[in-house]
Amino acid sequence: FNSDPKKLRMVRERVQEIAEEAGCSKKLISDLVIAINEACMNIMQHAYRGQKSGEIRLEIRKEESDIHVLLTDFAEPVDLNRIKPRDIEDIKPSGLGTYFIHEIMDDCTYGHLDNLSGNYLKMRIKIS
Numbered sequence: 432f433n434s435d436p437k438k439l440r441m442v443r444e445r446v447q448e449i450a451e452e453a454g455c456s457k458k459l460i461s462d463l464v465i466a467i468n469e470a471c472m473n474i475m476q477h478a479y480r481g482q483k484s485g486e487i488r489l490e491i492r493k494e495e496s497d498i499h500v501l502l503t504d505f506a507e508p509v510d511l512n513r514i515k516p517r518d519i520e521d522i523k524p525s526g527l528g529t530y531f532i533h534e535i536m537d538d539c540t541y542g543h544l545d546n547l548s549g550n551y552l553k554m555r556i557k558i559s
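Mind the numbering: the sequence shown is residues 432 to 559 in the working numbering, read in order.
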């Protein structure tokens with residue numbers, strides 16, 4: 432899908448369908464929707480800097496008792512050292528996406544694509 436925030440409703444609906452099919456609890460479904468939505472928003476805002484025509488790929492798969500998520504973009508490589516959750520006590524109108532992702536998911540790994548023409552986020556969570 433492209434990096435237009437209008438696409439996020441479709442993404443949230445599809446994540447919910449996939450998580451239901453995988454046998455996730457209602458709480459886990461809600462958590463996955465939040466984490467993936469926040470990650471997509473971060474890609475749109477920070478990697479593509481608001482450009483609505485960028486490509487985002489979302490892959491979700493079930494492996495044994497885990498859900499694996501892979502988000503890939505093809506924007507300029509981001510500074511991986513700058514991706515970190517901010518303190519929840521630091522009250523601001525936005526900027527908690529990374530915090531929520533790390534609180535929800537069991538594992539998160541950020542990186543650059545091999546040819547340095549994009550970025551990825553791998554996330555994993557135990558099915559409950």
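Even glycine gets a Cβ: it sits at the ideal position worked out from N, Cα and C.
{"Query": "Span of the beta strand (DSSP E) around ASP435", "Result": "It is not in any beta strand (DSSP E) - ASP435 carries neither H nor E in the DSSP assignment."}
{"Query": "Local Cβ density within 10 Å of SER434, reported as buried at 16 or more and exposed below that", "Result": "buried"}
{"Query": "Neighbour-count burial assignment, ASP545, 16 or more Cβ in a 10 Å radius", "Result": "exposed"}
{"Query": "Cβ-Cβ separation, GLN476 to VAL464 (assumed contact under 8 Å), whole Å", "Result": "Their Cβ separation, rounded to whole angstroms, is 18 Å, which puts VAL464 and GLN476 out of contact at 8 Å."}
{"Query": "One or two residues paired with LYS493 in a DSSP bridge", "Result": "ILE498"}
{"Query": "Contact set for MET441: own chain, Cβ-Cβ below 8 Å, skip 5 residues either direction", "Result": "PHE432"}
{"Query": "Best match in ASN512, LYS483 and GLU494 for proximity to ASP504 [C-alpha to C-alpha]", "Result": "LYS483"}
{"Query": "Per-residue burial, GLY549 [other beta carbons within 10 Å of its own, 16 or more giving buried]", "Result": "buried"}
{"Query": "Three-way DSSP call (helix, strand, coil) for ARG488 in this model", "Result": "strand"}
{"Query": "DSSP beta-bridge partners of ILE556", "Result": "ILE498"}
{"Query": "ILE487 beta carbon less than 9 Å from that of LEU502", "Result": "yes"}
{"Query": "Boundaries of the beta strand (DSSP E) in which HIS419 is found, first to last residue", "Result": "As displayed, the chain neither begins before 432 nor continues past 559, which places residue 419 out of reach and without an answer."}
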